[in-house]
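Since the structure comes first, as structure tokens, the remarks are kept for the end.
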Amino acid sequence: MAYVNIRERRLPFVVRYISDLFVYRHLAWNLVASDLRARFRRSKLGVLWAVIQPLAFSLTVALVWGSLFKSESYWDFAIYVFSGMIVWEYFASVAIVSQDALTNAEGYLKQTRVPFFIFQIRTPLTSMAIFLLGTAGLFVLLASLQKLPAFDEHLLVIPLFPVVLLLFGIPLGTIMSIAATHFRDIKYVSQILIQALFFVSPVMLGREILERPELSFLNYANPMVPIINLFRAPIIDGEFWDKTEAITLLIWIVGLWVMAMVVAIRAGRRLVFAL
Amino acid sequence: MERASSSKGGLRVVDPEADQPASTKTTVSRNLASLAIEVTEARLSYPLGAYARGSLKSAVLSVFGHKDRTPKAEFVEAIRGLNIRVVAGERVALIGHNGSGKSTLLRALAGIYPLAAGEIKVVGRIGTLLDIGLGFETESTGRENIYFRGMTLGYSRKQLRAAEKEIVDFADLGEFIDLPMRTYSSGMYVRLGFAVSTQFSPDILLVDEVFGAGDASFGKRAVDRMLNIVNNAGIFVIATHDMSLVELVCQRVLWLNRGQIVRDGPPSLVLPEYHRYMAGEASLP
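Chains as they are written, first to last, in the numbering used here: chain A, 451 to 725; chain B, -13 to 271.
In structure tokens form, the structure reads like this:
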């Protein structure tokens, strides 16, 4: 069971992953750039849509839910929803769009021996760019409302967050792409699950609701709880990351990476037959 | 025609000369003599389309020990115990019925399809021309896609930049080259795909019947360019139904039937027999 190209160095999985990543970095980068162009090309407002979309949603939700929950102020709640929304959109797009990552790459994968993961990191990277645009939008919103976080050491964790998000998104995208290639039903199942997850994530849901004892398991069972909270902590609450939340997320990330590697190694190149 | 040098080696694979001292590496452009394809007891089977993939239901139930009563996934044995050795300088044609395993074998040689058993050893940088009209970013322009395709083939941005003009000229798409590829006709897809894929001479060239590419004028240029690369490649393997092409280019024919080799020899010996078989005048040898 072997294919050996003598000119290929035989390396352990992880080392090969990293060296392939380096070799194909231009391709990966260009695929992401092309996705972004495709997304905003032919639209008048272009990249601004990355901000307008979640913002419009947040403003609307704040209007209704804010009055429902007697939130302290309209704008505070709008900021709360907007900040949760841009993180959520990253997760949802990685989980959903990645499902087609391999099927869409069929033309490449059946042409040459190009590594699969170049196409599996594509959506996490593209969504990261959208997320960063959204974050920039958040800062503009905060600045215009004069609610920018105080300039202190809490801000140091802000640049760390996109890295953490990427570390979460890449294995997630990998798993989804392989699962959906094997089982076309995943598409439908995941839609339901993701929708359900939305309502138990602190996007619109106030933090205090998730602190109720009967719901507290969600803080661990739903990775979106720590992720969204870690994003908000320094920017909105002016706090460092919560230790428990950071550890919970770390466990999720390690778990996802292990699972992604097991699934990817087990499936191997045989996935090409399912395309 | 000036080609971007492949002596620098691909990004994807390591030069065979890589272990040698730098001085020899610069003087020896390609160590053609060492090129080889060695197929040992290769078997390849793949699931019969979507039906064989299994459903989520059966996968979940099997966790609980539930046995699927519907017949087990059907596999097509596309390659059944092949032993082939191709050495430097050989031009090999794969012939046979549709479904005889020609294209599958090419993909296995390129490392795209994994084997179920056996081994394939390849020494050399592989270039492929399989389904060249596929695998484009339709929202990107033709020019951008030159880079995508080239990078998937393992070439660097620098090499591609150097070759860009020549590729554009050969594809001859006029102003379409700077338009998104969704505006292209299918013939234009093939033109661009062919132009990129044939820009660089690989050590080992694997081709799956592409001569029908584009219109008549392009077809002729394509054949010329193809022959040019074939002459430059260390090993050339083509799956084709075009017997005149086989006679023109190849000195060795592998006749495949149901994933096995029926005959292996020079065209002058294999082709007459093949023609008789195809005409129904003779049974399989």
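For each residue, glycine too, the CB sits at the ideal point set by N, CA and C.
Could one say the Cβ of residue i lies closer than 8 Å to chain B's Cβ atoms, at least one of them?
i	result
Thr562(A)	yes
Tyr467(A)	no
Leu477(A)	yes
Arg491(A)	yes
Arg716(A)	no
Phe569(A)	no
Tyr524(A)	no
Gly705(A)	no
What residues of chain B sit near residue i, judged by a beta carbon separation below 7 Å?
i	result
Phe723(A)	Tyr32, Pro33
Ser484(A)	Glu123, Glu125, Ser126, Glu130
Arg720(A)	Pro100
Is the beta carbon of residue i less than 8 Å from the beta carbon of residue j?
i	j	result
Leu583(A)	Val722(A)	no
Ser484(A)	Ser142(B)	no
Gly220(B)	Ala74(B)	yes
Leu409(A)	Phe566(A)	As shown, chain A starts at 451 and ends at 725. That puts residue 409(A) outside it, with no answer to give.
Ile272(B)	Leu116(B)	Here chain B has residues from -13 to 271 only, and residue 272(B) is not among them.
Gly113(B)	Leu178(B)	no
Arg111(B)	Asp189(B)	yes
Ser533(A)	Phe633(A)	no
Thr631(A)	Leu725(A)	yes
Phe581(A)	Ile546(A)	no
Leu213(B)	Leu80(B)	no
Ala64(B)	Gly87(B)	yes
Leu30(B)	Ala225(B)	no
Ala28(B)	Ile106(B)	yes
Leu270(B)	Val232(B)	no
Phe527(A)	Ala512(A)	yes
Ser577(A)	Val544(A)	yes
Arg211(B)	Arg77(B)	no
Ile685(A)	Pro599(A)	yes
Met137(B)	His476(A)	yes
Val482(A)	Ala579(A)	yes
Val650(A)	Leu622(A)	no
Chain A beta carbons: is any one of them nearer than 8 Å to that of residue i?
i	result
Ser126(B)	yes
Tyr133(B)	yes
Arg143(B)	yes
Gly173(B)	no
Thr138(B)	yes
Thr90(B)	no
Ile194(B)	The amino acid occupying residue 194(B) in the given sequence is Asp; Ile does not appear at that position. No - not a single Cβ of chain A is within 8 Å of the one on Asp194(B).
Val223(B)	no
Ser15(B)	With a pLDDT of only 39 at Ser15(B), under 50, the local geometry of the prediction cannot be trusted, and no value is derived from it.
List the residues of chain A whose Cβ lies closer than 9 Å to the Cβ of residue i, in chain order.
i	result
Leu231(B)	Within chain A, no residue comes near Leu231(B); the closest Cβ sits about 22 Å away, beyond 9 Å.
Just the chain A side, please: which residues come within less than 8 Å of residue i by C-beta, in chain order?
i	result
Thr184(B)	Here the premise fails: no neighbours, minimum Cβ distance about 13 Å.
List the residues of chain B whose Cβ lies closer than 9 Å to the Cβ of residue i, in chain order.
i	result
Ala488(A)	Glu123, Thr124, Glu125, Ser126, Pro166
Gly496(A)	Within 9 Å Cβ-Cβ: nothing; Gly496(A) doesn't reach chain B, min ~14 Å.
Asn480(A)	Glu123, Ser126, Glu130, Tyr133, Phe134, Met137, Arg143
Starting from the beta carbon of residue i, find every residue of chain A whose beta carbon is closer than 7 Å, and list them in chain order.
i	result
Thr226(B)	Residues of chain A passing the Cβ test: none, with the nearest at roughly 18 Å.
Given that residue i touches chain B, what residues does it touch there, using C-beta distances under 8 Å?
i	result
Gly557(A)	Asp117, Leu120, Gly121, Phe122
Unbroken stretches of the alpha helix (DSSP H), 4 residues or longer, contained in the stretch 207 to 244 of chain B: 229 to 235
Entirely enclosed beta strand (DSSP E) segments - the stretch 111 to 177 of chain B, minimum 3 residues: 112 to 115
Near-chain A residues of the stretch 56 to 87 of chain B - C-beta to any C-beta below 9 Å: none
Length-filtered (3 minimum) beta strand (DSSP E) runs lying within the stretch 514 to 561 of chain A: none
Residues within the stretch 101 to 115 of chain B neighbouring chain A, beta-carbon criterion of under 8 Å: Leu101, Ala102, Ala103, Gly104, Glu105, Ile106, Lys107, Val108, Val109, Gly110, Arg111, Ile112, Thr114
Uninterrupted alpha helix (DSSP H) stretches inside the stretch 472 to 500 of chain A (no shorter than 4 residues): 475 to 490
Whole alpha helix (DSSP H) elements within the stretch 56 to 97 of chain B, 4-residue minimum: 88 to 95
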